[in-house]
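Enquirer: Numbers 0 to 42, taken from numbering that gives the first Met the number 0, label the letters of the sequence shown in order. Glycine included, C-beta positions come from ideal geometry on N, C-alpha and C. Note that the coordinates shown come from a computational prediction; the quantities given were computed from them, not determined experimentally. Questions regarding the structure given below will be posed in turn.
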Amino acid sequence: MYGMSEELFVPTAVPEPLTILGAGTAIAFGVGFKRKLGKAKKK
0 MYGMSEELFV
10 PTAVPEPLTI
20 LGAGTAIAFG
30 VGFKRKLGKA
40 KKK
């Protein structure tokens with residue numbers, strides 16, 4: 000009965016802070032680049 004609690008414990012997938020930061024940076028860069036590209040086409 001000692002190992003019962005360990006068997007029932009299911010770890011949830013939590014992304015690393017660096018992964019979240021990297022994804023956020025990539026999205027922000029993509030949005031900024033798209034806006035810059037859109038302004039360049041209008042001129």
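What is the rounded straight-line gap between the Cα of GLY32 and the Cα of ALA22?
Expert: Looking at the sequence provided, one finds Phe at residue 32 rather than Gly. Their Cα atoms are separated by approximately 15 angstroms.
Enquirer: In angstroms with no decimal places, state the Cα-to-Cα distance between THR24 and LYS40.
Expert: Roughly 24 angstroms between the two C-alpha positions.
Enquirer: Consult DSSP for ALA39 and reduce its assignment to one of helix, strand or coil.
Expert: In the structure shown, ALA39 sits in a helix (DSSP, three-state: H, G or I).
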